[in-house]
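Visitor: In our numbering, the protein residues as written are 1 to 290. Don't be surprised by glycine CBs; every beta carbon is placed ideally from N, CA and C. First the structure, then my questions, so here it is.
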Ligand code: AMP
Ligand code: ZN
Ligand code: FE
Ligand code: FE
């Protein structure tokens, strides 16, 4: 049966390589019906995506985001669905996050230079264009200079969480991200849980912290892992989500949009959760205004 839902996608608004309009055309070609554009720390790709999607009336784009958070020794990515992306306060916070990314990108490039890896910060910024700067842009600059064959090769030794050139930026904790997403009407979902160092205990803690969903159908996870995550989601009462995490970076074997995704029912469950969150946030706003 073909996959109709992909809830994890990146564009040139962050570290994806297709513009929002190009991505939308690819999503339609892949036969997807419910998709979420979830760029890192930005919703700047959404407007163009919505406009491009007018050509494909039977495909719906869910406004989403992927936030980076930190726990001791590990990074945790938090997706948020049905985000109230037009909120000015939200946009101010996201602009701050992106400023932090610029600073940290420059520091990573400096650290690489001390390790004998010379990429120009100007080139990294050119590759990123208008997009929120991320490590994949630095990895692409390293590929151009012949330091590695594919962007992903730059991570184990240099750019990964425990790599030699890794630089931290100030990040929220996962509970802070959950709180922020809920404040702006979004349903918080833990991204790619099998990348976590301590997967089961972290899922249990984050379930306590208020995540509503868990990425289960993640294209790069094995069928066994997907099955294990489906069990964990059901154990903790979390909505099983998922998608391709498509970036189009040119890594060998990178899954295309629609490579794997949750059932259509997941979208209904997320929508119901978003309605509940909106009602609760609205209630709070009314109480504090009184
Ligand atoms: P950043 O937003 O700068 O923290 O970069 C996060 C992005 O880097 C992720 O969305 C992935 O595309 C990529 N990434 C992070 N860790 C790895 C890794 N170990 N291997 C390949 N890509 C990675
Ligand atoms: Zn990314
Ligand atoms: Fe991620
Ligand atoms: Fe992602």
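Here's the rule I'm using: 16 or more other beta-carbon atoms within 10 Å means buried, otherwise exposed. How should residue 42 be labelled?
Guide: Here residue 42 refers to the residue found at position 42 of the chain shown. The residue is buried, with at least 16 neighbouring Cβ atoms inside 10 Å.
Visitor: I'd like the list of long-range same chain contacts for residue 212, defined as Cβ closer than 7 angstroms, with 5 residues on each side in sequence excluded.
Guide: Translated into the one-based positions of the chain shown, residue 212 becomes position 212. Hits under 7 angstroms: 187, 188, 189, 238, 239 and 273.
Visitor: Are residue 132 and residue 39 closer than 8 angstroms when you measure CB to CB?
Guide: Residue numbering aside, residue 132 sits at position 132 when the chain shown is read from its first letter. Residue numbering aside, residue 39 sits at position 39 when the chain shown is read from its first letter. Contact: yes.
Visitor: Terminal residues of the continuous beta strand (DSSP E) containing residue 68?
Guide: Taking the first residue of the chain shown as position 1, residue 68 is located at position 68. Residues 60 to 71.
Visitor: Can you tell me which residues form a DSSP beta bridge with residue 36?
Guide: By one-based count along the chain shown, residue 36 stands at place 36. The partner list for residue 36 (beta bridge, DSSP) reads 62.
Visitor: Round the Cβ separation of residue 262 and residue 35 to the nearest angstrom and send it over; I've been treating them as touching at under 8 angstroms.
Guide: Taking the first residue of the chain shown as position 1, residue 262 is located at position 262. Taking the first residue of the chain shown as position 1, residue 35 is located at position 35. Going by Cβ atoms, the distance from residue 262 to residue 35 rounds to 12 angstroms, so no, they are not a contact pair.
Visitor: Excluding the five sequence neighbours on either side, which residues of its own chain have a C-beta within less than 6 angstroms of the C-beta of residue 13, listed in chain order?
Guide: Here residue 13 corresponds to residue number 13 of the chain shown, with the count starting at 1. Result list for residue 13: 39, 42, 44, 45 and 131, in chain order.
Visitor: Output the residues surrounding ligand 3, defined as those with a CB atom closer than 5 angstroms to any ligand heavy atom, in chain order.
Guide: With the cut-off at 5 angstroms, the residues found are 77 and 191.
Visitor: Is residue 40 near ligand 6, judged by its Cβ being under 7 angstroms from some heavy atom?
Guide: This structure does not include ligand 6; its bound ligands are ligand 1, ligand 2, ligand 3 and ligand 4.
Visitor: Over the uninterrupted beta strand (DSSP E) stretch that includes residue 7, give me the two end residues.
Guide: On the chain shown, position 7 is the one that residue 7 refers to. Run containing residue 7: 5 to 9, per the beta strand (DSSP E) assignment.
Visitor: Below 8 angstroms on the Cβ atoms is my guess for residue 192 versus residue 77; work out the distance and round it to an integer in Å.
Guide: The residue you call residue 192 lines up with position 192 of the chain shown. The residue you call residue 77 lines up with position 77 of the chain shown. With 8 angstroms as the limit, residue 192 and residue 77 qualify as a contact, their Cβ atoms being about 7 angstroms apart.
Visitor: Which one of 121, 260 and 246 has the shortest CA to CA distance from residue 110?
Guide: Against the chain shown, residue 110 aligns to sequence position 110. When each option's Cα is compared against that of residue 110, the closest is 121.
Visitor: Let me check you understand the geometry: is the CB of residue 136 closer than 7 angstroms to at least one non-hydrogen atom of ligand 2?
Guide: For the purposes of this step, residue 136 is identified with residue 136 of the chain shown, where counting begins at 1. Yes, Cβ of residue 136 sits closer than 7 angstroms to a heavy atom of ligand 2.
Visitor: Please state if the CB of residue 85 and the CB of residue 215 are separated by a distance shorter than 8 angstroms.
Guide: In the chain shown, the residue the question calls residue 215 occupies position 215. In the chain shown, the residue the question calls residue 85 occupies position 85. No.
Visitor: Return the Cβ separation of residue 127 and residue 141 in integer angstroms, given the expectation that the two are a contact with Cβ distance under 8 angstroms.
Guide: What you label residue 127 is simply residue 127 of the chain shown in a count that begins at 1. What you label residue 141 is simply residue 141 of the chain shown in a count that begins at 1. Rounded, the Cβ-Cβ distance is 6 angstroms, consistent with contact.
Visitor: Per DSSP, what are the beta-bridge partners of residue 217 in this structure?
Guide: Taking the chain shown and counting its residues from 1, the one referred to as residue 217 is at position 217. The partner list for residue 217 (beta bridge, DSSP) reads 242.
Visitor: Taking 8 angstroms as the cut-off, decide whether the C-beta atoms of residue 134 and residue 15 are in contact.
Guide: In the chain shown, residue 134 corresponds to position 134, counting from 1. In the chain shown, residue 15 corresponds to position 15, counting from 1. Yes, they are a contact pair.
Visitor: Spatial neighbours of residue 136 within its chain, please: CB distance less than 6 angstroms, with the 5 preceding and 5 following residues excluded, ordered by chain position.
Guide: For this step, residue 136 is matched to residue 136 along the chain shown. Cβ neighbours of residue 136 beyond the five flanking positions: 15, 151 and 249.
Visitor: CB of residue 245 to nearest heavy atom of ligand 4: below 7 angstroms?
Guide: For the purposes of this step, residue 245 is taken as residue 245 along the chain shown, with counting starting at 1. Flag set: Cβ of residue 245 near ligand 4.
Visitor: Counting C-beta neighbours from all protein chains within 10 Å, is the total for residue 118 16 or more, i.e. buried, or is it exposed?
Guide: Counted from its first residue, the chain shown places residue 118 at position 118. Answer is exposed; the Cβ neighbour count stays below 16.
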